[in-house]
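Residue numbers for the sequence shown follow full-length UniProt numbering, so the first one is 1 and each next one is one higher.
Each residue gets a CB set at the ideal place from its N, CA and C atoms; glycine is no exception.
What follows is one structure encoded as C-alpha cells, with my remarks underneath.
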Amino acid sequence: MRARESFLDKLFIRDKIYLALILVIVVLTSLFGVLIFFYFQSISKNYHENRLARKEKNIIETIDYLISEFPQNVTEENVKDIFENNIYKYSDINDIHINIYDLKGELLISSQSGNSKDIHFVPGKVMQILSLKNDRVEMVQKSGKNTYIRIYSYLYNINHQPIAIINLPYLHDDSYQKDEFYDLLIKFLVLVSVIMIVGLVISYWLSKSIASRLDEIAEKLVKTDVVKLNRPLQYRGKDEISPLVNSYNNMLVKLNEQSELLLKLEREETWREAAKQVAHELKNPLTPMRLQMQSFQRKFDKNLPDIEERVKDFTESMINQIDVIDRISQAFSDYTKMPVRKDQKIDVCEEVEKTLDIFDEEMVSFHKLNEPIYIYYDPTYLSRIVTNLVKNSMQAVPFGTKPQIEVALMSNQEVVILKIKDNGTGVSDEVKDKLFEPKFTTKSSGSGLGLPVVKKMIEEYNGSIKFENNIDKGVTFTIQLPLRNK
Numbered sequence: 001m002r003a004r005e006s007f008l009d010k011l012f013i014r015d016k017i018y019l020a021l022i023l024v025i026v027v028l029t030s031l032f033g034v035l036i037f038f039y040f041q042s043i044s045k046n047y048h049e050n051r052l053a054r055k056e057k058n059i060i061e062t063i064d065y066l067i068s069e070f071p072q073n074v075t076e077e078n079v080k081d082i083f084e085n086n087i088y089k090y091s092d093i094n095d096i097h098i099n100i101y102d103l104k105g106e107l108l109i110s111s112q113s114g115n116s117k118d119i120h121f122v123p124g125k126v127m128q129i130l131s132l133k134n135d136r137v138e139m140v141q142k143s144g145k146n147t148y149i150r151i152y153s154y155l156y157n158i159n160h161q162p163i164a165i166i167n168l169p170y171l172h173d174d175s176y177q178k179d180e181f182y183d184l185l186i187k188f189l190v191l192v193s194v195i196m197i198v199g200l201v202i203s204y205w206l207s208k209s210i211a212s213r214l215d216e217i218a219e220k221l222v223k224t225d226v227v228k229l230n231r232p233l234q235y236r237g238k239d240e241i242s243p244l245v246n247s248y249n250n251m252l253v254k255l256n257e258q259s260e261l262l263l264k265l266e267r268e269e270t271w272r273e274a275a276k277q278v279a280h281e282l283k284n285p286l287t288p289m290r291l292q293m294q295s296f297q298r299k300f301d302k303n304l305p306d307i308e309e310r311v312k313d314f315t316e317s318m319i320n321q322i323d324v325i326d327r328i329s330q331a332f333s334d335y336t337k338m339p340v341r342k343d344q345k346i347d348v349c350e351e352v353e354k355t356l357d358i359f360d361e362e363m364v365s366f367h368k369l370n371e372p373i374y375i376y377y378d379p380t381y382l383s384r385i386v387t388n389l390v391k392n393s394m395q396a397v398p399f400g401t402k403p404q405i406e407v408a409l410m411s412n413q414e415v416v417i418l419k420i421k422d423n424g425t426g427v428s429d430e431v432k433d434k435l436f437e438p439k440f441t442t443k444s445s446g447s448g449l450g451l452p453v454v455k456k457m458i459e460e461y462n463g464s465i466k467f468e469n470n471i472d473k474g475v476t477f478t479i480q481l482p483l484r485n486k
C-alpha cells in the first residue's frame, strides 16, 4: 500500500488526470462493448426464434389444410402421395427445407437435393422424446461453421391420428447481426477516440499550473499529426497555454490546406479520366461508321435494282449507331455516368446482326442460329459490347494483313454464348492479367477504358467474359449472358 501511495505521490497532476481519464474510458468502453454484445445476442436469438416460429406455423397450417382437402382419409400408408408433388413448392415459398418421415423415423420424402446421410433417419433420442411427450422437439446441431435448429413434430390427420413426422432444418445465420454489431462497435470506438482527444486537451487546461512542462508539450504537438479535430481550439488567454493552442491551430490550418489541395487534384484527375472515357466510348461507333460510309460511297450506283433496299439498310445502320452515340453523350453529361439500363426483351441474333452491319462483311462474318434467342437486356449495352470487341479485334491484326473476324452465336438452356475470334497477334503472357484493368492498354493511342467498360456491362447482368489464344493465331473472346426471365 505504501509503495502504491509513493508511486502516486510522484506523479504530476497532469499524469494523474491522464490515468484517470484513460481508466474511465477503458472501463466505459469495455462495459458498453459487453452490453452491445449481449444486446445483439438477445436480438439475434429473438429474431431467429420468431422467424422459425412463423415458418413452422405457415408450413403446418398449409399441410393441415392440404390434409383436410384430400379426398381420402390420410394415413401413414398414403401420406407420401400427398406431399410428393407439393413439398418442393412449400419449401421454396417458406425458404426452408422440409423432411417428411414415417412414424418409424425413416425418411419418406425431402426437399433437400442429394438426400445426405444425416437426414435418412430421425435420431433415436428424438424418437424417444416424441413417443413420450407426443410433442415437438427442438434440437441444435453444428455442421462445420453453420448452426442448425432442427424441429421435429408429428403430423396428424383429421381424426387426430399421427401419420408422419415433419422435420424443419433452420440455418441459424448471424452474419447480418454480427456485421451490425461490428459496425456499431467501430462507430463507438471512433467516438471514444474523439472523446479521448478532447479529454486530453481539457487535461492540458486543468494542468496549466505546471508551466515548465507546457512548452515541451506544445513542441511535441507541433511535430505530430495524430491529433485531428474538426475545428481550431478557441482560447483567449495569454498565459502558458497559449503556445500549445497556437501550435495546434497552426497545424490544423496546414492540414486543411493540404486536404483542400488534395481534393482539388482529385477533382481534376476525375475530369481527365472522364474526358478520356467519353472520347473512347464515342470513338467506338464513329470509326466503323466512317468506314461504312466510305465503302457505301465507293459502291454506290443509283442504277442498281436493289439500290433502295441498300440505302434503307445503310440508313437504319447509321441511325442505330447515332442513337448509341446520343445515349452515351447524354449519360456522360451527368458527371460521367454510364447509360441508365433499359432492359427489354430483345432477339440477340437480330441485335448482333444490326450492330455488325456497320462493318465490312468481307472482314467480319457472323454465324448465327436459325431461330431467335430472346433475353431481357439493354440493346445499347449489347451494341456497345459487340462494337468494342470487334473493333479491338480488327486493331489487333498486324498492318498488311486482312482482318478476318468471326462472330458466332450459340446458346444452351442456361446462357447465351457469343464468341469473337480474330486473326491478330494474340495476347502475350505479360499482359494477360492486366487486359481488363482500367487505363491499361497495349495501344499507343488507347485510353485503356474500353475492355473494362465492356466487362462491367457484362457483369452487371451476372455474365462473364474471358479470352484465350487460338492454336494457330489470334484471340477468341467468349461472352456468356444468362437467359434471364423478366
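Item, Value
"Exposed unless 16 or more other CB atoms sit within 10 angstroms - verdict on P403", "buried"
"Proximity below 8 Å, CB of G474 to CB of N423", "yes"
"P403, DSSP secondary structure in three states", "coil"
"Per DSSP, cross-strand counterpart(s) of Q128", "DSSP, once it has assigned bridges, lists no residue as partnering Q128."
"Backbone secondary structure at V475 - three-state DSSP", "strand"
"Sub-8 Å separation of I119 and S110 beta-carbons", "yes"
"Exposure of Y335, with buried meaning 16 or more beta-carbon neighbours within 10 Å", "Low confidence applies to Y335: its pLDDT is 39, below 50, so where it sits in the model is not reliable enough to give any reading."
"Supposed close pair N94, N58 - CB separation, criterion 8 Å", "6 Å"
"Best match in Y376, L23 and R290 for proximity to V348 [C-alpha to C-alpha]", "Y376"
"V79: first and last residue of the uninterrupted alpha helix (DSSP H) it sits in", "V79 to F83"
"Same chain, Cβ closer than 8 Å to I458, five either side skipped, listed in chain order", "I385, S464, I465, I479 and L481"
"Best match in T287, Q395, E56 and V364 for proximity to I322 [C-alpha to C-alpha]", "T287"
"Rounded C-alpha distance that separates V397 from D313", "28 Å"
"Distance, D179 Cα to V140 Cα", "23 Å"
"Per-residue DSSP class, three states only, for V140", "strand"
"Beta-carbon proximity of L356 to V427, cut-off 8 Å", "no"
"E219 - DSSP class collapsed to helix/strand/coil", "Note that E219 scores 47 on pLDDT, short of 50, meaning its location in the model is unreliable and no value can be drawn from it."
"I100 - partner residues in DSSP beta bridges", "I109 and I166"
"C-alpha distance - I163 paired with I87, whole-angstrom precision", "16 Å"
"Pair within 8 Å by beta-carbon distance, V415 and L304", "no"
"7 Å CB neighbourhood of F70 in its chain, flanking five on each side removed", "I82"
"C-beta neighbour in chain B for N85, strict 8 Å", "You won't find chain B in this structure, because it holds only one protein chain."
"R2 burial status per 10 Å Cβ neighbour count (16 or more: buried)", "In this prediction, R2 has a pLDDT of 48, which is less than 50 and means its spatial position is unreliable; what the coordinates show is noted afterwards. That one is exposed."
"Reduced DSSP category for N469 - H, G, I as helix; E, B as strand; rest coil", "strand"
"Anticipated Cβ contact below 8 Å, K368 with L409, distance rounded", "5 Å"
"Cβ neighbours of F436 in the same chain (closer than 6 Å, five flanking residues each side left out)", "L451, P452 and K455"
"P285 - DSSP class collapsed to helix/strand/coil", "helix"
"Residue closest to F399, alpha-carbon to alpha-carbon, out of L107, T425, E257 and F188", "T425"
"Reference K133, options V352, D102, M289 and Y154, closest by Cα", "Y154"
"According to DSSP, residues forming a beta bridge with N344", "In the sequence on display, residue 344 carries Gln and not Asn. In DSSP, Q344 forms a bridge with Y377."
"Beta-carbon proximity check, P285 vs V324, cutoff 8 Å", "yes"
"Distance CB(I129)-CB(V122) smaller than 8 Å", "no"
"Simplified DSSP assignment, three categories, for L481", "strand"
"Under the three-state DSSP convention, the category M410 falls into", "strand"
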